[in-house]
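To keep things clear, I will list the structure first and then write my remarks on it.
Residue numbers (the numbering used here): 93 to 407.
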């Protein structure tokens, strides 16, 4: 590989570092939340001002992302989580309130509306209202400016919920604009499209495991994201076991094992499945792939290890 090609490969793998918005998505259990925290740390070490978010309820169950920072839940207000990384909870009601503050003339009207139990039930139950609140909450964070008029954060990372919720959020603007092509909600949705549908600004990173079902769901998710016009920046294949055998060695060992319960035989045979899964992703084409090794560490040490694997060379 020439130096030019090597640098191009690094750029394609780490293009998310140059974006303003990265949605980290994937099915449950693939390591999506750990990857989000690791990407945040890698970006901070790269010199970016980072905001990391998760979607949820302030009084709900614990937040897996918050626990990686020694908390049970993320706060509604932005707070420092670690050096170079700030964070907060994306909550639909916060977005509803911010939107009402924008379109209603008096603060008292906003407070009355948010206290209304009937309105609360409507916002919880009506199709797409929950996603619209989260959408506007995210949009308000992206649009924040510092005293010099520059974006407060270089990078906003979102630990997305499971696959279906991700597609509900990214597909929201197109669906609602067909129903409401004009008015303040339509203006808000188009503003969101300016950010989320622009590959110069936003990408989704899809996290998966090198296994049959996760890869299938990963490819289906990418198809869904493309339908919603959400740019897909990379596939992150997590827990890739290092295969140090050449083809001749693999064939000889496979023949020697031949169903015998040797120590390590299951792990060795799993390497073939990993290779097949990675080939499926490569054959899909058009999306850069990042392979993250399997690490024995846990907790903060695991985040450090994954962060190191995500760093561009020379940093």
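Here a beta-carbon is modelled for each residue, glycine too, at the ideal position from N, C-alpha and C.
Since the structure is predicted, the reported quantities are computational estimates derived from the model, not experimental observations.
Own chain, CB closer than 8 Å to residue i, minus 5 neighbours either side, in chain order
i: residue 155; result: 146, 148, 163, 164, 165, 166, 181
i: residue 392; result: 160
i: residue 229; result: 182, 183, 184, 186, 187, 190
Bridge-paired residues (DSSP) for residue i
i: residue 131; result: Bridge partners of residue 131: none, in fact.
i: residue 327; result: 298, 381
i: residue 251; result: 116, 146
i: residue 398; result: Beta-bridge pairing links residue 398 to no other residue.
i: residue 332; result: 385
i: residue 243; result: 237
Inter-residue Cα distance where the pair is residue i and residue j
i: residue 331; j: residue 193; result: 45 Å
i: residue 183; j: residue 170; result: 12 Å
i: residue 108; j: residue 368; result: 26 Å
i: residue 261; j: residue 334; result: 36 Å
i: residue 142; j: residue 372; result: 33 Å
i: residue 121; j: residue 253; result: 11 Å
i: residue 376; j: residue 308; result: 11 Å
i: residue 132; j: residue 111; result: 12 Å
i: residue 403; j: residue 304; result: 28 Å
i: residue 364; j: residue 339; result: 11 Å
i: residue 134; j: residue 242; result: 22 Å
i: residue 378; j: residue 238; result: 36 Å
Residue i (DSSP reduced to helix, strand or coil)
i: residue 266; result: helix
i: residue 235; result: coil
i: residue 175; result: coil
i: residue 192; result: helix
i: residue 319; result: helix
i: residue 276; result: helix
i: residue 182; result: strand
i: residue 353; result: coil
i: residue 287; result: helix
i: residue 223; result: helix
i: residue 307; result: helix
i: residue 229; result: helix
i: residue 154; result: coil
i: residue 61; result: The structure shown does not extend to residue 61, since the chain is modelled only from 93 to 407, so the question has no answer here.
Closer than 6 Å: residue i CB and nearest the ligand NAD heavy atom
i: residue 365; result: The ligand NAD is not part of this structure, which contains no ligands at all.
Inter-residue CB distance, residue i and residue j (contact presumed, cutoff 8 Å)
i: residue 298; j: residue 324; result: 6 Å
i: residue 280; j: residue 221; result: Going by Cβ atoms, the distance from residue 280 to residue 221 rounds to 13 Å, so no, they are not a contact pair.
i: residue 382; j: residue 295; result: Actually they do not touch by this definition, with Cβ atoms about 12 Å apart.
i: residue 302; j: residue 366; result: 4 Å
i: residue 266; j: residue 320; result: 7 Å
i: residue 289; j: residue 322; result: 7 Å
Same chain only: Cβ atoms within 6 Å of residue i, ignoring 5 sequence neighbours per side
i: residue 140; result: 246, 247
i: residue 255; result: 119, 313
i: residue 236; result: 244
i: residue 251; result: 116, 125, 128, 146, 157
i: residue 310; result: 298, 300
i: residue 172; result: 178
i: residue 263; result: 320
Neighbourhood of residue i by C-beta, 7 Å cutoff - its chain only, sequence neighbours within 5 removed
i: residue 269; result: 278, 281
i: residue 397; result: 387, 389
i: residue 385; result: 332, 334, 401
i: residue 284; result: 227, 231, 265
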